[in-house]
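Numbering of the sequence shown is given in our numbering, commencing with residue 3 and proceeding in unit increments.
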Amino acid sequence: MKPAPLQLKEERVLFKAWTRAGGVKPGWVERWYKRSVDSLPSASKSGTSSRINTQLLLVIAAVALAGLLSRLLESSGGNAAWMTAFLDSAHRFAVGFERIFLETTPFLLLGAFTSAVIANVFSDAEIQALFQGRTLRSVIIGILAGFTLPVGDGGSVLVARQLLRKGASLPAAAALMVAGPGVTLVAVGAGLGANGMIGLAGLRFATAVIFALVFGLILAQESEPERIIKIGNLPAAGGDSVSVLEGESPVSKAKAITLTASIEFLEWMPLLVIAALLGGLLQALVPGGWIPPVQGSAAWQNAGSGLWAILTAQSAVGDLYTVQNNLANWSTSAQRTYLMVGMAVDVKLILFYGRIFRRKALLYWIMLSLSLSLLAGLAIESFGGLH
3 MKPAPLQLKE ERVLFKAWTR AGGVKPGWVE RWYKRSVDSL PSASKSGTSS RINTQLLLVI
63 AAVALAGLLS RLLESSGGNA AWMTAFLDSA HRFAVGFERI FLETTPFLLL GAFTSAVIAN
123 VFSDAEIQAL FQGRTLRSVI IGILAGFTLP VGDGGSVLVA RQLLRKGASL PAAAALMVAG
183 PGVTLVAVGA GLGANGMIGL AGLRFATAVI FALVFGLILA QESEPERIIK IGNLPAAGGD
243 SVSVLEGESP VSKAKAITLT ASIEFLEWMP LLVIAALLGG LLQALVPGGW IPPVQGSAAW
303 QNAGSGLWAI LTAQSAVGDL YTVQNNLANW STSAQRTYLM VGMAVDVKLI LFYGRIFRRK
363 ALLYWIMLSL SLSLLAGLAI ESFGGLH
């Protein structure tokens, strides 16, 4: 009996979402695979699947290596110093992984849903009318979008990628992406609601706006966007679910949005797992003396808090509460450094931005954000600090 058209459409879409997440084709769906593979966008047939499979292999290898190391240390027996050090590192790894994964997942889901709405509700012309035009105007529009959309850490990358696919200017999309973690309403609300954090939250908001303005204006000087962004990593035209269903009877907007959001979320989830594993591993390996509060000069304290912000890769909300819990132990300059660096160049964001930016542009962003954080700290100190 031939499957109903609606059933066939749904299975083709779900199969694509599953394969993007790294699933292996079981026998009972191979016939659906043969029917649908010819209708998939060319980029989806090769690039995405191979990238996700490679990411999953890296995840499996990291877990296997951690298990082997724990077994070797356990079998060494009797050496209390080794076991104490191992347990301390294992605890740091577990806490680091959990924080990165759990704090980023909601923003990633919101970003996938927002990206799906943009893909299936707004036309290319509407997006271009809003996010194109004079450079300064488009950058400001991008920052305002980062403020109003509740996408935050990680989710802003998915939205920026969809805007680029729809024809938004590169400065506008980049401004939204890099400003999102620091200016989103979620982070602003957390700063206003946390005791004693209004000043630091306001500083972070202003710094994020400046970072996005400068970076957007720099990118505007590039006349060939393909030298800055990875065109092949942009979503398929029309939204992934629409591309898969091309040639079939139309589906409702709500269903198309749900399917597209699911596919994008599954596409980015392996990268989040890798970021959480990498962040947890680096936190476990960093020497205890480098963990804030670092002893020594102000420069060493700032360097320690900046490094810890990169490795912990917490969300903008998590960063605020980390600083709030350490107000008595960290110096004021170390608190500022942690907040400014953490919203710009942590492990998770570097990996996410690397899916869109080419290596040169990503390096520009890292150097720009670190240097501007240093200059902002020096400027604040020269005016007597932040009160």
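The beta-carbon is built from N, C-alpha and C at its ideal position, and this holds for glycine as well.
- Task: Return yes when the Cβ of Leu172 is within less than 9 Å of the Cβ of Leu221, no when it is not.
- Result: In this structure, Leu221 places its C-beta atom within 9 Å of the C-beta atom of Leu172.
- Query: Taking DSSP as the reference, what is the three-state secondary structure of Phe359?
  - Reply: Strand, per DSSP.
- Are Leu160 and Trp270 close, meaning C-beta to C-beta below 9 Å? Taking 9 Å as the Cβ cut-off, Leu160 and Trp270 qualify as a contacting pair.
- Message: Using 8 Å for Cβ pairs, my map puts Ile145 next to Val185. What's the rounded Cβ distance?
- Response: The beta carbons of Ile145 and Val185 sit about 7 Å from each other, so the pair counts as a contact at 8 Å.
- Item | Under 9 Å between C-beta atoms of Trp292 and Gly306 | With contacts defined by Cβ atoms closer than 9 Å, Trp292 and Gly306 form a contacting pair.
- Query: Does the region 127-141 touch the region 219-235, meaning 3 or more C-beta pairs lie closer than 8 Å?
  - Reply: Under the three-pair Cβ rule at 8 Å, the region 219-235 counts as touching the region 127-141.
- Of all the options Thr209, Leu111 and Ala87, which has the alpha carbon lying nearest to the alpha carbon of Leu274? Ranking the options by Cα distance to Leu274, first place goes to Leu111.
- Message: Using the Cβ count rule (16 or more neighbours within 10 Å means buried), how would you classify Val123?
- Response: Exposed is the label assigned to Val123, since fewer than 16 other Cβ atoms lie within 10 Å of its Cβ.
- Item | Euclidean distance between Cα positions of Ala381 and Lys255 | Counting only the Cα atoms, Lys255 lies some 50 Å from Ala381.
- Query: For Ser117, which residues from the same chain have a beta carbon less than 8 Å from its beta carbon, with the 5 sequence-adjacent residues on both sides left out?
  - Reply: Cβ within range, chain order: Leu160, Val161, Arg163, Gln164, Pro237, Thr262, Ala263 and Glu266.
- Query: What's the call for Met369, buried or exposed, on a 16-neighbour Cβ count within 10 Å?
  - Reply: Exposed, since its Cβ has fewer than 16 Cβ neighbours within 10 Å.
- Query: Which residues bound the alpha helix (DSSP H) around Val159?
  - Reply: For Val159, the enclosing alpha helix (DSSP H) starts and ends at Gly154 to Lys168.
- Query: Does DSSP put Val39 in a helix, a strand or coil?
  - Reply: Here Val39 scores only 38 on pLDDT, less than 50, and its place in the model is too uncertain to base an answer on.
- Item | Beta-carbon gap between Tyr355 and Met179 smaller than 9 Å | Yes. Within cutoff.
- Query: Given Leu364, which residues of its chain have a CB within under 8 Å of its CB, disregarding the five upstream and five downstream residues?
  - Reply: Result list for Leu364: Ile352, Tyr355 and Gly356, in chain order.
- Query: Where Ala87 and Val288 are concerned, what is the direct C-alpha to C-alpha distance, given to the nearest angstrom?
  - Reply: Rounded to the nearest whole angstrom, the C-alpha separation of Ala87 and Val288 is 12 Å.
- Message: Give me the residue from His93, Thr107 and Arg101 with the minimum Cα distance to Leu268.
- Response: Nearest C-alpha to Leu268: Thr107.
- Message: What does the alpha-carbon distance come out to for the pair Phe109 and Asn235?
- Response: For Phe109 and Asn235, the distance between alpha carbons rounds to 20 Å.
- Task: Below 7 Å CB to CB, which residues in the same chain sit around Val391 once its five sequence neighbours on both sides are set aside?
- Result: Residue numbering for the chain in the displayed model covers 3 to 389; residue 391 lies beyond these limits and cannot be assessed.
- Cβ-Cβ distance between Ala311 and Phe99 below 9 Å: It is not a contact, given that the beta carbons lie outside the stated cut-off.
- Could you tell me if Lys47 is buried or exposed, where buried requires 16 or more neighbouring beta carbons within 10 angstroms of its beta carbon? Its pLDDT being 43, under 50, Lys47 is placed unreliably by the model, and nothing is read from it.
- Do you know offhand how far Leu336's Cα is from Trp302's? Here residue 336 is Ala; the residue named in the question, Leu, does not match the sequence. Straight through space, the alpha carbons of Trp302 and Ala336 are spaced by roughly 9 Å.
- Item | Start and end residues, alpha helix (DSSP H) containing Lys257 | Run containing Lys257: Lys255 to Leu287, per the alpha helix (DSSP H) assignment.
- Query: Sorted by chain position, which residues of the same chain lie with C-beta nearer than 7 Å to Leu309's C-beta, five sequence neighbours on each side aside?
  - Reply: Hits under 7 Å: Trp292.
- Query: To which residues of the same chain is Leu377 closer than 7 Å at the C-beta, ignoring the five residues directly before and after it?
  - Reply: Result list for Leu377: empty, nothing under 7 Å.
- Measure the alpha-carbon distance for Asp155 versus Glu383 and round it to whole angstroms. Those two C-alpha atoms are separated by around 28 Å.
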